[in-house]
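**Q** One structure coming up, written as structure tokens, with questions to follow.
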Amino acid sequence: MSDRDNREPALRAVFSDTTADYITPPCPKMFEKVTIRLRIDAGEAQSCFLVTGTSWLRMHREESDGCFDYYAVQFEVTKTPLRYYFEIISRGRRFRYSRRGIRNTIRPEDYWHVIPGFDPPHWAEGAVLYQIFVDRFCNGDPSNDVLDGEYSYLGKPVRQIRDWDRPPSSCGYMEFYGGDLQGVIDKLDYLQDLGVEGIYLNPIFLSPSSHKYDTQDYEHIDPHIGRIVRDKGNLLFPD
-16 MSDRDNREPA LRAVFSDTTA DYITPPCPKM FEKVTIRLRI DAGEAQSCFL
34 VTGTSWLRMH REESDGCFDY YAVQFEVTKT PLRYYFEIIS RGRRFRYSRR
84 GIRNTIRPED YWHVIPGFDP PHWAEGAVLY QIFVDRFCNG DPSNDVLDGE
134 YSYLGKPVRQ IRDWDRPPSS CGYMEFYGGD LQGVIDKLDY LQDLGVEGIY
184 LNPIFLSPSS HKYDTQDYEH IDPHIGRIVR DKGNLLFPD
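In structure tokens, the structure reads:
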């Protein structure tokens, strides 16, 4: 069944997430009381429930601003990760609302998750993160580039792409543009000027593909990506 087939007729303005606006505190301690909220168009809901596995918790209308009604429920979390979605009764019908929106059926991956006792670093709260697909970011060290036919992947020889502006083909997973860790290091000032506060790297470990989601060895960086010569705990310092 496709996502389109799985959708229920939309409720108006229904919304929730795991930010501080809709869960207080957003990172609860074990056995701490937590309040979870749901927003919906004013007058749209007859009743709302928060569903955690087999438990149904009735939510009460906490406030209304004329445009939206805000439903809330407070309860004590345990040390077990909390998984939940919402059941909304509206127009005599039952709607299920999860991270993926209104759906007929809720799959395990659709639930919201709260991990009691999880304490993220304060610097990461609201930080601007920049995701980097290393091979397509910057070639800082051409000496480690993948060469044409250097090895085969899925029965086909890999290809080195020398034209940086050429769009990837349908076989992009076996095409290598030469981006590497040195290229990331070379662009740190540029990223800082953009206001970037944290970097998320796509996989960089040993793998025959350009995307490296088929990692073969999580203990070694792919030699075409680079190597850590000396680690001071902050940035990479090559000799």
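Heads up: the sequence shown is residues -16 to 222, going by my numbering. A virtual CB, placed ideally from N, CA and C, is assigned to each residue, including glycine. If you're wondering where the values come from, they're calculated on a predicted model, not measured in any experiment.
Could you tell me whether the Cβ atoms of Trp229 and Tyr113 are closer together than 9 Å?
**A** The chain is shown only over -16 to 222; residue 229 falls outside these bounds and no answer can be derived.
**Q** Could you give the residue range of the beta strand (DSSP E) that holds Leu112?
**A** Numbered from 1 along the sequence shown, position 129 holds the residue referred to as residue 112. Its beta strand (DSSP E) spans residues 112 to 115.
**Q** Using the Cα positions of Gly49 and Ile204, report the straight-line distance between them to the nearest angstrom.
**A** Sequence index remark: in the sequence shown, residue 49 carries index 66 (1-based). Sequence index remark: in the sequence shown, residue 204 carries index 221 (1-based). Using only the alpha carbons, I get a separation of about 55 Å.
**Q** Of all the options Gly138, Leu137, Tyr136, Asp128, which has the alpha carbon lying nearest to the alpha carbon of Ile144?
**A** Translated into positions along the sequence shown, residue 144 becomes position 161. Selected option, being the one with the closest Cα: Asp128.
**Q** Around the Cβ of Ile23, are there at least 16 other Cβ atoms within 10 angstroms (buried) or fewer (exposed)?
**A** To locate residue 23, count along the sequence shown from 1; it is residue 40. With 16 or more Cβ atoms within 10 Å of its Cβ, Ile23 is classed as buried.
**Q** Closest by CA to Ser153, which one among Ser193, Glu59, Asp124?
**A** Sequence index remark: in the sequence shown, residue 153 carries index 170 (1-based). Residue Ser193 is the option with its Cα nearest to Ser153.
**Q** Taking the alpha carbon of Ile182 as the point to measure from, which residue in Asp124, Ile115, Val141, Tyr160 has its own alpha carbon closest?
**A** Indexing the sequence shown from 1 puts residue 182 at position 199. Minimum Cα distance to Ile182 is reached at Ile115.
**Q** Provide the residue span of the alpha helix (DSSP H) that contains Ile168, from first to last.
**A** The count along the sequence shown starts at 1 and reaches residue 168 at position 185. Residues 164 to 169.
**Q** Given a cut-off of 9 Å on the beta-carbon distance, is the pair Asp4 and Gly26 in contact?
**A** Numbered from 1 along the sequence shown, position 21 holds the residue referred to as residue 4. Numbered from 1 along the sequence shown, position 43 holds the residue referred to as residue 26. No, Cβ-Cβ distance for Asp4 and Gly26 is not below 9 Å.
**Q** Rounded C-beta distance between Thr7 and Val17? I'm assuming under 8 Å.
**A** Mapped onto the sequence shown, residue 7 falls at position 24. Mapped onto the sequence shown, residue 17 falls at position 34. Thr7 to Val17, Cβ: 7 Å. Contact.
**Q** Where does His207 sit, in a helix, a strand or coil, going by DSSP?
**A** The residue given as residue 207 occupies position 224 in the sequence shown. His207: coil per DSSP, three-state reduction.
**Q** Does the Cβ of Ala110 have 16 or more other Cβ atoms within 10 Å, making it buried, or fewer, making it exposed?
**A** By one-based count along the sequence shown, residue 110 stands at place 127. The residue is exposed, with fewer than 16 neighbouring Cβ atoms inside 10 Å.
**Q** Go ahead and label Asp222 buried or exposed: buried means 16 or more other beta carbons lie within 10 angstroms of its beta carbon, across all protein chains shown.
**A** As a working mapping, residue 222 is identified with position 239 in the sequence shown. Residue confidence for Asp222 is low, a pLDDT of 45 falling below 50, so the modelled location carries little weight and cannot support an answer.
**Q** When you compare the region 80 to 99 with the region 129 to 140, are there three or more beta-carbon pairs, one atom per stretch, that lie closer than 8 Å?
**A** Flag = no, the region 80 to 99 and the region 129 to 140 do not touch.
**Q** Who pairs with Cys10 in a beta bridge, going by DSSP?
**A** As a working mapping, residue 10 is identified with position 27 in the sequence shown. According to DSSP, which records beta bridges pairwise, Cys10 is partnered with nothing at all.
**Q** Which residues mark the beginning and the end of the beta strand (DSSP E) in which Gln57 is found?
**A** Here residue 57 refers to the residue found at position 74 of the sequence shown. Segment 51 to 59, the beta strand (DSSP E) holding Gln57.
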